[in-house]
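Q: The structure is given below, and queries will be raised subsequently.
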Amino acid sequence: MWARLRMRDVRTSMRRVLRFMRENNLLAPQRQPQPVEPKRHDGTILAERPNPMWGIDATVGFTVA
-12 MWARLRMRDV RTSMRRVLRF MRENNLLAPQ RQPQPVEPKR HDGTILAERP
38 NPMWGIDATV GFTVA
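Counting from 1, position 22 in the sequence shown corresponds to residue 9 in the working numbering; the numbering is continuous, with no gaps.
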């Protein structure tokens, strides 16, 4: 908003525009921080035997038509 006012040769401070927008409820809503939950593990997963776990990245899938 402040930049558009400057382009139209309306000289004012950025804080004044922010205050005006805040007083008239013209600001976009802000996201509230999400609560942090405790970690389930420390980042190291050990397998009890060979090949019990597999990691898959399914970002691309091919189909036969």
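Think of the CB as a built atom: it goes at the ideal place given N, C-alpha and C, for glycine as much as any other residue. Just so we're clear, the structure is a prediction, and the values are computed from it rather than from any experiment.
(1) Ignore the nearest five residues each way along the sequence and tell me which others in Leu14's own chain have a CB closer than 7 Å to its CB.
(2) Kindly indicate the opening and closing residues of the alpha helix (DSSP H) around Phe7.
(3) Where do the ends of the alpha helix (DSSP H) carrying Ala(-10) lie?
A: In terms of the structure at hand:
(1) Translated into positions along the sequence shown, residue 14 becomes position 27. Met8.
(2) Here residue 7 refers to the residue found at position 20 when the sequence shown is read from its first residue. First-last of the alpha helix (DSSP H) with Phe7: 1 to 10.
(3) Indexing the sequence shown from 1 puts residue -10 at position 3. Per DSSP, Ala(-10) belongs to the alpha helix (DSSP H) from -11 to -6.
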